[in-house]
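The structure under discussion appears below in the form of structure tokens.
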Amino acid sequence: MSVNLDKSEGEGRAQESLEITLRPIELSDVDDFMVWAADDKVTRFCPWDTYTSKEQALNYIKNCAIPHPWLRVICIENCAIGAISVTPGSGFDRCRGELGYVLSYNYWGKGIVTRAIQMVASTIFKEWPYLERLQAIVATDNNGSQRVLEKAGFQLEGLLRKYTVIKGKTKDVVMFSLLSTDHFLV
Ligand SMILES: CC(C)(COP(=O)(O)OP(=O)(O)OC[C@H]1O[C@@H](n2cnc3c(N)ncnc32)[C@H](O)[C@@H]1OP(=O)(O)O)[C@@H](O)C(=O)NCCC(=O)NCCS
């Protein structure tokens, strides 16, 4: 899948069409992982704290990200620039999965996560036939993330007041969903 990336090098600003791919994370991605995970601008709306060491990142990749049921790194030319995951519900909640995503700051605003979400939506319902609903929970002040979900065809369902704590503050969030029966762009 291609998006236009503005690779501004030297005088000219070339619009290059580069392919985005999704693949499982590897321990060797740790330096690229730190680019987004150690950046306060990126982690501002994430429930987890900004990473402060490579060792911490290696532990997370080894013990959580690699064993995760569905976590992929978003890549350009096989280089990880972000991550996207679907965490499945269990038991009576197995009909739904929760979407999460994060992207290195230098790549914001180029349509990359919108595209990555569309790629996930076009495959996850086939990979997991019991999945009927993909949902995402976004802080009310995370406007970029809400816009991405709208662009990817998710429906805004409503406001959940004082739903979660992010960086020590209790936040109102909004719930978005996409059903396996919804029409969405691929
Ligand atoms: C939110 C995030 C995933 C968006 O990824 P992205 O690849 O930059 O998103 P896209 O380029 O596909 O689309 C961004 C859209 O949001 C809009 N947008 C970005 N910031 C915005 C803001 N502060 N207010 C309103 N709209 C905003 C952009 O204009 C664009 O919409 P448009 O195409 O209609 O102009 C990325 O910024 C990120 O990783 N943020 C930090 C982590 C995070 O918040 N994760 C989600 C937790 S719920």
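Under the numbering used here, the first residue of the sequence shown is numbered 15, with each subsequent residue one higher.
Ideal placement from N, C-alpha and C gives every residue a C-beta, glycine not left out.
Residue i: which of the options sits nearest, CA to CA?
i      : options                           : result
Ile151 : Leu174, Ala130 and Ala135         : Leu174
Cys93  : Thr101, Asp186 and Ser118         : Ser118
Thr154 : Phe168, Phe190, Cys109 and Gly125 : Phe190
Asp196 : Gln149, Ile90, Arg37 and Gly123   : Gln149
Leu32  : Cys89, Lys55 and Ser42            : Cys89
Gly182 : Gln160, Thr57, Gln169 and Val127  : Thr57
Asp186 : Asn156, Leu41 and Arg37           : Asn156
Report the CB separation of residue i from residue j in whole angstroms; it is logged as a contact under 8 angstroms.
i      : j      : result
Ile39  : Trp84  : About 11 angstroms separates the two Cβ atoms, so there is no contact after all.
Tyr74  : Met48  : Contact flag wrong, Cβ pair sits at about 11 angstroms.
Arg110 : Arg147 : 4 angstroms
Ala71  : Ala51  : 6 angstroms
Ser99  : Gly114 : 5 angstroms
What residue range is occupied by the uninterrupted alpha helix (DSSP H) comprising residue i?
i      : result
Tyr74  : Lys68 to Tyr74
Lys165 : Asn157 to Lys165
Lys124 : Counting along the chain, Lys124 falls outside any alpha helix (DSSP H), and DSSP gives it neither H nor E.
Thr57  : Asp54 to Thr57
Helix, strand or coil for residue i per DSSP?
i      : result
Gly114 : strand
Tyr177 : strand
Ala28  : With a pLDDT of only 40 at Ala28, under the threshold of 50, the placement of this residue in the model should not be trusted; the figure read from the coordinates follows. Strand.
Leu41  : helix
Arg129 : helix
Cys78  : helix
Thr137 : helix
Ser22  : Summary for Ser22: the model assigns pLDDT 44, below 50, so the residue's position carries little reliability, and this model does not support an answer.
Please report the residue range of the beta strand (DSSP E) in which residue i lies.
i      : result
Ser99  : Cys93 to Pro102
Ala150 : Arg147 to Ala153
Thr184 : Lys183 to Leu193
Arg108 : Neither: Arg108 is in no beta strand (DSSP E) and is coded neither H nor E.
Cys89  : Leu85 to Ile90
Worksheet item: Counting pairs of beta carbons, one from the region 70 to 87 and one from the region 150 to 169, are three or more of them closer than 8 angstroms?
Response: Verdict: no, contact absent.
Item to complete: Count the CB pairs spanning the region 52 to 66 and the region 124 to 133 that are closer than 8 angstroms, and state whether there are at least three.
Response: Judged by pairs of C-beta atoms under 8 angstroms, the region 52 to 66 does not touch the region 124 to 133, as fewer than three such pairs exist.
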